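Asker: Take a look at the following structure, please.
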Amino acid sequence: MNADVMTAEVAPILETRSLCKRFGGLVATDNVSFKLQPGARHALIGPNGAGKTTFINLLTGVLTPTSGSIHFDGQDITNWTLRQRAIAGVARTFQINQLFPDLTPLQSVLLAVNEREGAGRDWFRPVGTRKDLVDESVALLADLGIDDVMDERVGSLPYGKQRLLEIAVAVAAKPKVLLLDEPAAGVPESEREQILDVVARLPTSVALILIEHDMHLVFRFAKTISVLVNGGLLVDGTADEIARDPRVKQVYLGEEEVVVHG
Amino acid sequence: MSMSHLTENSAGASSRLLSAAKWRWYEIAFWIVAASLFFVFPTRLALLTEIVTLGLLALSIDLILGFAGIVTLGQGAFFGLGAYAAGIAAKYGMGVAPLSDPIVGLLIAGAVAGAVGFVTSFLVLRGSDLTRLMVTLGVGLIFAEVVNQARSITGGADGLQGVMLSPVLGIFDFDLYAQTAYVYSLGTLFVLFVIARVVMNSSFGLSLKAIKGNPLRSRAIGIPVNPRLIATYTLAAAYAGIAGGLLAQTTQAASPDMIAFHRSADTLLILVFGGAGHLYGGIIGAVAFRLMQDAFSSGSPDVWLAAVLNALPSFLNFWPIPNVLTVIFGLMGPKYWSLWLGLVLVLLVLFVRGGILGLVQSIYVRIFPSRNKVKP
Numbered sequence: 000m001n002a003d004v005m006t007a008e009v010a011p012i013l014e015t016r017s018l019c020k021r022f023g024g025l026v027a028t029d030n031v032s033f034k035l036q037p038g039a040r041h042a043l044i045g046p047n048g049a050g051k052t053t054f055i056n057l058l059t060g061v062l063t064p065t066s067g068s069i070h071f072d073g074q075d076i077t078n079w080t081l082r083q084r085a086i087a088g089v090a091r092t093f094q095i096n097q098l099f100p101d102l103t104p105l106q107s108v109l110l111a112v113n114e115r116e117g118a119g120r121d122w123f124r125p126v127g128t129r130k131d132l133v134d135e136s137v138a139l140l141a142d143l144g145i146d147d148v149m150d151e152r153v154g155s156l157p158y159g160k161q162r163l164l165e166i167a168v169a170v171a172a173k174p175k176v177l178l179l180d181e182p183a184a185g186v187p188e189s190e191r192e193q194i195l196d197v198v199a200r201l202p203t204s205v206a207l208i209l210i211e212h213d214m215h216l217v218f219r220f221a222k223t224i225s226v227l228v229n230g231g232l233l234v235d236g237t238a239d240e241i242a243r244d245p246r247v248k249q250v251y252l253g254e255e256e257v258v259v260h261g
Numbered sequence: 000m001s002m003s004h005l006t007e008n009s010a011g012a013s014s015r016l017l018s019a020a021k022w023r024w025y026e027i028a029f030w031i032v033a034a035s036l037f038f039v040f041p042t043r044l045a046l047l048t049e050i051v052t053l054g055l056l057a058l059s060i061d062l063i064l065g066f067a068g069i070v071t072l073g074q075g076a077f078f079g080l081g082a083y084a085a086g087i088a089a090k091y092g093m094g095v096a097p098l099s100d101p102i103v104g105l106l107i108a109g110a111v112a113g114a115v116g117f118v119t120s121f122l123v124l125r126g127s128d129l130t131r132l133m134v135t136l137g138v139g140l141i142f143a144e145v146v147n148q149a150r151s152i153t154g155g156a157d158g159l160q161g162v163m164l165s166p167v168l169g170i171f172d173f174d175l176y177a178q179t180a181y182v183y184s185l186g187t188l189f190v191l192f193v194i195a196r197v198v199m200n201s202s203f204g205l206s207l208k209a210i211k212g213n214p215l216r217s218r219a220i221g222i223p224v225n226p227r228l229i230a231t232y233t234l235a236a237a238y239a240g241i242a243g244g245l246l247a248q249t250t251q252a253a254s255p256d257m258i259a260f261h262r263s264a265d266t267l268l269i270l271v272f273g274g275a276g277h278l279y280g281g282i283i284g285a286v287a288f289r290l291m292q293d294a295f296s297s298g299s300p301d302v303w304l305a306a307v308l309n310a311l312p313s314f315l316n317f318w319p320i321p322n323v324l325t326v327i328f329g330l331m332g333p334k335y336w337s338l339w340l341g342l343v344l345v346l347l348v349l350f351v352r353g354g355i356l357g358l359v360q361s362i363y364v365r366i367f368p369s370r371n372k373v374k375p
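Protein sequences appear in the order of chains A and B.
Quick note on numbering that gives the first Met the number 0: the first sequence kicks off at 0 and runs consecutively.
Quick note on numbering that gives the first Met the number 0: the second sequence kicks off at 0 and runs consecutively.
Below you can see the structure in the form of structure tokens.
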């Protein structure tokens with residue numbers, strides 16, 4: 000049943016041990032022990048209010064856990080800040096766009112590349128001097144299909160492009176683990192395909208965790224799945240196992256039908 | 000997406016980014032005009048010198064508010080500290096270099112204000128805009144009171160007297176017509192402006208804009224938000240200190256007025272008035288603010304009213320037109336300066352984003368819609 004049973008010999012890139020988070024009387028994350036393998040394509044699902052976003056916030060350091068620990072690449076990162084984890088290689092996208100509205104997509108991606116390469120503190124040379132970093136940023140934007148708008152103001156881009164940029168900025172840091180918090184949330188049906196395609200093409204050097212409500216997307220993307228209910232880990236396993244699991248069907252009964260596609 | 004399109008984009012991207020840092024013709028024109036004022040208004044150089052110091056203080060607020068997004072009501076404290084530091088150095092130098100050397104004095108002013116800025120920056124990192132306003136305001140009030148109480152060093156309420164300076168660069172003595180003062184202040188402003196311009200166009204400056212736009216995402220992509228803000232706050236404090244030092248040196252005095260709260264508030268207003276986030280907004284705001292103030296305080300609305308009433312055609316000369324004119328011109332007296340300032344400010348904030356520079360930019364975009372591109 001456990002994810003690590005399937006690939007027991009590989010050390011997990013990201014792991015939580017008995018992770019708990021309480022907000023007053025509310026237990027948002029309840030004793031979650033979770034392992035993520037390098038290069039994983041993992042989905043985190045669960046009904047509304049199951050604590051998915053809280054869990055992501057704990058993993059990335061936006062929130063600090065009440066108890067339990069988080070381990071990344073063999074190190075205990077429980078008390079690391081958001082920035083320290085970002086530098087170490089844990090990146091994320093946000094369910095609600097967290098972009099720089101007054102900058103351009105090129106500047107936004109370049110910022111992340113700059114910090115990764117230690118060029119962000121350069122206070123003397125004008126932006127654009129390091130041509131290698133600019134080229135890398137442009138290539139990334141082209142790869143995600145948003146290089147056509149790279150000099151426009153982010154705040155005035157169409158929503159779908161902003162969602163793609165949300166991913167681009169996270170990928171620019173070359174993370175080892177990337178957490179995608181509902182990457183296609185709010186995107187019209189016609190543009191969802193482009194976002195899915197981008198996610199599918201991300202290199203296997205990065206382990207992905209996808210939070211998603213749309214079961215169609217989840218089963219198309221994920222090799223392994225964890226189901227969160229009321230803050231606790233109900234079950235995890237391969238996509239097939241989850242699709243057949245009667246408890247998962249029970250949870251989703253009346254909410255959405257679990258259907259395996261492909 | 001064809002390959003040629005990609006390489007074309009890629010090749011242009013660096014130069015497009017770099018072009019943001021290039022000097023524009025209107026910037027060069029701006030500084031030529033500023034320098035030529037020396038010849039155009041030889042009798043108003045003292046006022047112009049004061050405007051330069053005010054512009055430098057507003058520039059320092061622009062660094063932290065316009066670029067890093069930290070609101071402050073305490074910049075006047077660094078200005079005052081710089082004024083007293085430069086003033087005290089010159090006083091004890093007795094008019095002899097090195098202590099009384101103006102440039103050494105400015106370095107001392109900048110170092111003192113920068114050091115205090117560095118220490119107090121840690122208070123500003125936490126909390127919301129409101130907490131920051133209150134903390135900066137509180138720090139400012141503390142230093143104002145310290146200056147007021149330390150009579151033996153600062154002269155207390157009477158101010159610091161006996162500020163004597165050696166000639167600038169050992170050659171140019173400060174004169175009664177403020178010729179040296181103006182050139183010296185404008186030169187200082189220009190040097191500091193160029194440094195600020197380099198910093199704000201660098202990767203460091205870009206990361207400040209990111210922090211201002213979205214601190215959470217900035218952290219999430221690895222930007223060390225707090226160290227960047229501390230560095231910027233310290234730099235801005237040093238700039239404010241140098242501005243204060245300039246005013247103390249060119250007026251040969253330091254007074255409690257230089258560290259008083261109203262200076263922080265006035266200068267914040269000047270920056271918003273001129274337009275924050277462009278580096279030029281503070282200087283332009285200072286010019287507009289002081290010229291308006293000067294016009295109001297030296298204007299003679301009674302004379303203008305008499306002239307207008309005389310020229311009024313007889314068919315308009317019936318009730319209530321002359322009475323209304325009397326009221327309007329009455330309001331143009333120096334007593335009502337704040338009223339007009341407030342009105343202009345409210346109109347600017349309500350109808351034009353970004354002050355005077357915002358107004359200029361939106362007019363420019365109206366005239367040349369094709370050039371409506373992002374100005375990074």
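Don't be surprised by glycine CBs; every beta carbon is placed ideally from N, CA and C.
As the structure is a computational prediction, the values presented were derived from the model and not from experiment.
1. Give the straight-line distance between the Cα atoms of Val224/B and Pro214/B, rounded to the nearest whole angstrom.
2. Are Trp339/B and Phe295/B closer than 8 Å when you measure CB to CB?
3. Considering only the alpha carbon of each residue, which of Asn316/B, Gly276/B, Leu324/B, Ile27/B lies closest to Arg352/B?
4. Lys130/A touches chain B at which residues, Cβ-Cβ below 8 Å?
5. Please report the straight-line C-alpha distance between Gly86/B and Ala108/B, rounded to a whole angstrom.
6. Closer than 8 Å, CB to CB, is Ser3/B near chain A or not?
7. If contact is defined by three or more beta carbon pairs under 8 Å, each pair taking one atom from either stretch, is the stretch 56–74 of chain A in contact with the stretch 172–185 of chain A?
8. Exposed or buried, what is Val138/B when buried is set at 16 or more other beta-carbons lying within 10 Å of its beta-carbon?
9. From the DSSP output, which residues share a beta bridge with Phe171/B?
10. If you count every other CB in all the chains shown that lies within 10 Å of the CB of Ser18/B, and 16 or more means buried, which is it?
11. Whose CA, out of Pro37/A, Asp75/A, Phe33/A, Gly73/A, lies closest to the CA of Ile55/A?
12. Identify the contact partners of Ser201/B in chain A, using a Cβ-Cβ distance below 8 Å as the criterion.
13. Note the first and the last residue of the continuous beta strand (DSSP E) segment covering Lys34/A.
14. Take every Cβ of the stretch 124–143 of chain A, pair it with every Cβ of the stretch 240–256 of chain B, and state whether three or more of those distances are shorter than 8 Å.
15. Run through DSSP, which three-state label would His215/A get?
16. Is there a Cβ of chain A sitting closer than 8 Å to that of Asn371/B, yes or no?
17. Tell me whether Asp235/A sits in a helix, a strand or coil according to DSSP, three-state version.
18. I need the straight-line Cα distance from Trp318/B to Thr325/B, nearest angstrom please.
19. Determine the closest residue to Lys21/B out of Ala306/B, Val197/B, Gly54/B, with distance taken between C-alpha atoms.
20. Between Ile258/B and Phe117/B, how many whole angstroms is the CB-CB distance? I'm expecting something under 8 Å.
21. With a cut-off of 8 Å on the beta carbons, I'd call Ile76/A and Ala90/A a contact; round off their distance for me.
22. Between Ile69/B and chain A, is any beta-carbon pair separated by less than 8 Å?
23. Thinking C-alpha only, which one of Gly231/A, Ser107/A, Tyr251/A is nearest Ala167/A?
24. Roughly how many angstroms lie between the CA atoms of Gly154/A and Ser120/B, to the nearest whole one?
25. So, at 7 Å on beta carbons, what are the nonlocal neighbours of Ala236/B in its own chain, with the 5 sequence-adjacent residues on each side left out?
26. Let's test the definition: count the other Cβ atoms within 10 Å of the Cβ of Glu192/A and tell me whether it reaches 16, buried, or not, exposed.
27. What residues are listed by DSSP as bridge partners for Lys248/A?
28. Comparing the C-beta of Ala209/B with each C-beta of chain A, is any distance below 8 Å?
29. Starting from the beta carbon of Leu17/B, find every residue of chain A whose beta carbon is closer than 8 Å, and list them in chain order.
30. If you measure beta-carbon to beta-carbon, which residues of the stretch 71–87 of chain A are closer than 8 Å to chain B?
31. Compile a chain-ordered list of the residues in the stretch 113–125 of chain B whose CB is closer than 9 Å to at least one CB of chain A.
32. From what residue to what residue does the alpha helix (DSSP H) around Glu135/A run?
33. When you check each C-beta in the stretch 103–120 of chain A against every C-beta of chain B, which residues fall closer than 7 Å?
34. Specify the secondary structure class of Pro187/A as computed by DSSP and reduced to three states.
35. Beta-carbon of Ile229/B versus every beta-carbon of chain A: anything under 8 Å?
36. What are the uninterrupted segments assigned as beta strand (DSSP E) that are 3 or more residues long and contained completely in the stretch 44–112 of chain A, given in chain order?
Answerer: Straight from the coordinates:
1. Mapped onto the second sequence, residue 224/B falls at position 225. Mapped onto the second sequence, residue 214/B falls at position 215. Roughly 7 Å between the two C-alpha positions.
2. The residue given as residue 339/B occupies position 340 in the second sequence. The residue given as residue 295/B occupies position 296 in the second sequence. Cβ atoms of Trp339/B and Phe295/B: closer than 8 Å.
3. Reading the second sequence from its first residue, position 353 is the one you call residue 352/B. It is Gly276/B whose Cα lies nearest to the Cα of Arg352/B.
4. Sequence index remark: in the first sequence, residue 130/A carries index 131 (1-based). Simply Ser13.
5. The residue labelled residue 86/B in the question sits at position 87 within the second sequence. The residue labelled residue 108/B in the question sits at position 109 within the second sequence. The straight-line gap from Cα to Cα measures roughly 9 Å.
6. As a first step, residue 3/B is located in the second sequence; it is residue number 4 there, counting from the start. Note that Ser3/B has pLDDT 45, beneath the 50 cutoff, so the model's placement of it is unreliable and the number below is only indicative. No, no contact with chain A.
7. yes
8. Looking up residue 138/B in the second sequence gives position 139. Val138/B should be labelled buried.
9. For the purposes of this step, residue 171/B is taken as the residue at position 172 of the second sequence. Val167/B, per the DSSP bridge assignment.
10. Residue 18/B sits at position 19 when you count from the first residue of the second sequence. Its Cβ having fewer than 16 others within 10 Å, Ser18/B is exposed.
11. To locate residue 55/A, count along the first sequence from 1; it is residue 56. Nearest option by C-alpha distance: Phe33/A.
12. Along the second sequence, one-based indexing puts residue 201/B at 202. Asp121, Trp122, Phe123, Arg124, Pro125, Val126, listed in chain order.
13. To locate residue 34/A, count along the first sequence from 1; it is residue 35. 25–35 is the extent of the beta strand (DSSP E) around Lys34/A.
14. no
15. For the purposes of this step, residue 215/A is identified with residue 216 of the first sequence, where counting begins at 1. In the structure shown, His215/A sits in a helix (DSSP, three-state: H, G or I).
16. As a first step, residue 371/B must be located in the second sequence, where it is residue number 372. Note on Asn371/B: pLDDT 49, under 50, position unreliable in the model; the coordinate value appears next. Not one chain A Cβ lies under 8 Å of Asn371/B.
17. Taking the first residue of the first sequence as 1, we reach residue 235/A at position 236. Three-state DSSP puts Asp235/A in a strand.
18. As a working mapping, residue 318/B is identified with position 319 in the second sequence. As a working mapping, residue 325/B is identified with position 326 in the second sequence. Answer to the nearest angstrom: the Cα atoms are 12 Å apart.
19. Counted from its first residue, the second sequence places residue 21/B at position 22. It is Val197/B whose Cα lies nearest to the Cα of Lys21/B.
20. Here residue 258/B corresponds to residue number 259 of the second sequence, with the count starting at 1. Here residue 117/B corresponds to residue number 118 of the second sequence, with the count starting at 1. Rounded, the Cβ-Cβ distance is 19 Å, inconsistent with contact.
21. As a first step, residue 76/A is located in the first sequence; it is residue number 77 there, counting from the start. As a first step, residue 90/A is located in the first sequence; it is residue number 91 there, counting from the start. No, Ile76/A and Ala90/A are not in contact; Cβ-Cβ is about 14 Å, not under 8 Å.
22. In the second sequence, counting from the first residue as 1, residue 69/B sits at position 70. No, Ile69/B lies away from the interface with chain A (no Cβ there is under 8 Å from its Cβ).
23. To locate residue 167/A, count along the first sequence from 1; it is residue 168. Ranking Gly231/A, Ser107/A, Tyr251/A by Cα distance to Ala167/A puts Ser107/A first.
24. Locating residue 154/A in the first sequence gives position 155, counting from the first residue. Locating residue 120/B in the second sequence gives position 121, counting from the first residue. Going by the C-alpha atoms only, they are around 30 Å apart.
25. Taking the second sequence and counting its residues from 1, one reaches residue 236/B at position 237. Answer for Ala236/B: Phe77, Ala112, Gly113, Val115, Gly116, listed in chain order.
26. On the first sequence, residue 192/A is found 193 positions in, with the first residue counted as 1. The residue in question, Glu192/A, is exposed, as its Cβ has fewer than 16 Cβ neighbours within 10 Å.
27. As a working note, residue 248/A is residue 249 in the first sequence. Its beta-bridge partners do not exist; DSSP assigns none.
28. Position 210 of the second sequence holds residue 209/B. So, interface residue.
29. On the second sequence, position 18 is the one that residue 17/B refers to. Those are Pro125, Val126, Gly127, Thr128, listed as they occur along chain A.
30. Thr80, Leu81, Arg82, Ala85, Ile86
31. none
32. Residue numbering aside, residue 135/A sits at position 136 when the first sequence is read from its first letter. That run of the alpha helix (DSSP H) goes 130–142.
33. Thr103, Leu105, Gln106, Leu110, Ala111, Asn113, Glu114, Arg115, Ala118, Gly119, Arg120
34. Within the first sequence, the letter at position 188 stands for residue 187/A. Reduced to three states, the DSSP call for Pro187/A is coil.
35. Residue mapping note: residue 229/B aligns to position 230 of the second sequence, counting from 1. It does not; no Cβ of chain A falls within 8 Å.
36. 66–71, 89–91
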